Amino acid sequence: MQRIGFITFPGFGVMSFAALSVFESANSAVGKAHYDVRLLSENGGPVRSSLGVVVHTEGFDDTAFDTVIIGGGSDREFTAPLLAYLRHAAVHSRRLAATCSGTFFLAQAGLLDGMRATTHWFFAGEFRARYPEVQLEEERLFVIDGSIWTSAGMTAGIDQALAMVETDLGPEVARAVSKTFVLQSRRVAGQPQRSVLLDMEQKTDRIQAAMTYMRNNLHRALPLSELADAAHLSLRQFSRAFHAQTGLSPAKAVEKLRIEAAVVLIQDGRHSLDNIARQTGFGDSERMRRAFVRQFGEPPRVIRRTARNPAEASAMSRNEG
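The working numbering applies: residue 418 is where the sequence shown begins, and numbers increase by one.
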């Protein structure tokens, strides 16, 4: 049995609890209590969430946990006992994890100095300013660096928990749990936190028409003149309007959309990288590899390996380019 300690604090976010349901579902999938989850807090007893939900917790002590997780929340009070407990967990637990703004607690405890980590994109600017010694990768859903796991929070906490289950119990169990959550598949660590399409939804009709045309024709070359025609603008008008409204050049937007589509196919695992490169308009796997390295800092084969074995892939990714 693996013991999981989930740290709460006044004002903790209830969304973090969703990740704990992953471990409950994993127990059901294997037909036994593989995970034993305990709620922890600095003083024990009732702790009120930001929503007003009150949970009963156990106080910090020397109980050994395989995994310790701290979630995010509206309030971040870096008390000495909490930071000391995190440092203790970093030494005595197999895994120490944070979701959303919980990453701030690990950084404040000095546990992320010189390490790779992520947090919710909304807090990225604040985090980078406060902890410049941390290698923040704000575009990633979650990051594994050694025994420390950090995630973007919200639904990314579920993806991180599923990756833990896959590491512990194998891909079949993780897929079974994904189905109980009505998820088509687990998102991999390197996927971006925000979709390009969602970021660009609130644009003028002409630019939105060009975006829709891009999405529906990713398998094709998509020259600038073709995109301008889809928007019913001249080349110069289209380039200026597109950049003004999206902050990207049309070519960069196309590349990001190709990457999003390719990640889904890579994660699915049924297609070769060459086939995926053709389907998504990269043309060949080498061009796709270069685009992935620009976006994620790692090639498609690492993302595919991550989908199969997230912890092993993270350990190897720094040696690949």
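Ideal Cβ positions, reconstructed from N, Cα and C, are used throughout, including at glycine.
These figures come from a predicted structure and were not determined experimentally.
Neighbour-count burial assignment, residue 705, 16 or more Cβ in a 10 Å radius: Flag for residue 705 reads buried.
Of the residues 549, 545, 534, the one placed nearest residue 577, counting alpha carbons only: The shortest C-alpha separation from residue 577 is found at 534.
8 Å CB neighbourhood of residue 649 in its chain, flanking five on each side removed: The residues 623, 626, in chain order, have a CB closer than 8 Å to that of residue 649 in the same chain once the five nearest residues on each side in sequence are set aside.
CB-CB length for residue 559 against residue 541, believed under 8 Å: Between residue 541 and residue 559 the Cβ distance is about 14 Å, and since that is not below 8 Å, they are no contact.
Under the three-state DSSP convention, the category residue 569 falls into: In the structure shown, residue 569 sits in coil (DSSP, three-state: anything other than H, G, I, E or B).
Inter-stretch contact at 8 Å, needing at least 3 Cβ pairs: the segment 418 to 427 / the segment 454 to 463: The segment 418 to 427 vs the segment 454 to 463: in contact.
Simplified DSSP state of residue 656, which is helix, strand or coil: Note: residue 656 maps to helix in three-state DSSP.
contact_flag[the segment 490 to 506, the segment 549 to 558] where n(CB pairs < 8 Å) is 3 or more: Counting Cβ pairs under 8 Å, fewer than three are found: no touch.
Delimiting residues of the beta strand (DSSP E) encompassing residue 597: Here residue 597 belongs to no beta strand (DSSP E); instead the alpha helix (DSSP H) covers 588 to 597.
Coarse secondary structure for residue 453, derived from DSSP in three states: For residue 453, the secondary structure class from DSSP, reduced to helix, strand or coil, is strand.
7 Å Cβ cutoff met for residue 480 and residue 512: No, they are not a contact pair.
Exposure of residue 537, with buried meaning 16 or more beta-carbon neighbours within 10 Å: By the neighbour-count rule (16 or more Cβ atoms within 10 Å), residue 537 is buried.
Cβ pair residue 486, residue 514 closer than 7 Å: Yes; because the gap between Cβ atoms is below 7 Å, this pair is in contact.
Nearest-angstrom Cα separation, counted from residue 571 out to residue 504: One C-alpha to the other measures close to 24 Å.
Backbone CA spacing between residue 602 and residue 722 [nearest angstrom]: Note that residue 602 has pLDDT 49, beneath the 50 cutoff, so the model's placement of it is unreliable and the number below is only indicative. Straight-line spacing of the CA atoms in residue 602 and residue 722 works out to 15 Å.
Extent of the continuous alpha helix (DSSP H) to which residue 632 belongs: 622 to 633 is the span of the alpha helix (DSSP H), which, as asked, contains residue 632.
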